[in-house]
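Q: Under the UniProt record's numbering, think of the first position of the sequence shown as 1, with each following residue one higher. Think of the CB as a built atom: it goes at the ideal place given N, C-alpha and C, for glycine as much as any other residue. Could you have a look at this structure, given as structure tokens, before my questions?
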Amino acid sequence: MPKKYLIAVVGAVVVGLSTGIAALLVQRSRREPPPVSATVPRVEQLSAADPETQSS
């Protein structure tokens with residue numbers, strides 16, 4: 001009986017660690033916030049594409 005509890009505890013720890021690792025990977029892959037609209041570019045993208053706003 002105690003061996004079953006040990007297996008259950010080890011399984012829970014493995015699931016917890018894998019969930020934490022997955023959460024960290026998702027957080028790192030989403031550094032840039034998602035756009036408000038898929039069709040409207042961000043202000044930073046507009047200013048980078050506009051040659052008049054860039055100083056030489």
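Can you give the Cα-Cα distance for leucine 24 and valine 13, rounded to whole angstroms?
A: Leucine 24 and valine 13: Cα-Cα distance of roughly 17 Å.
Q: Is alanine 22 helix, strand or coil by DSSP?
A: In the structure shown, alanine 22 sits in a helix (DSSP, three-state: H, G or I).
Q: So what does DSSP say about valine 28, is it helix, strand or coil?
A: Checking the displayed sequence, the identity of residue 28 turns out to be arginine instead of valine. Three-state DSSP puts arginine 28 in a helix.
Q: Roughly how many whole angstroms lie between the Cα atoms of valine 10 and valine 40?
A: Roughly 48 Å between the two C-alpha positions.
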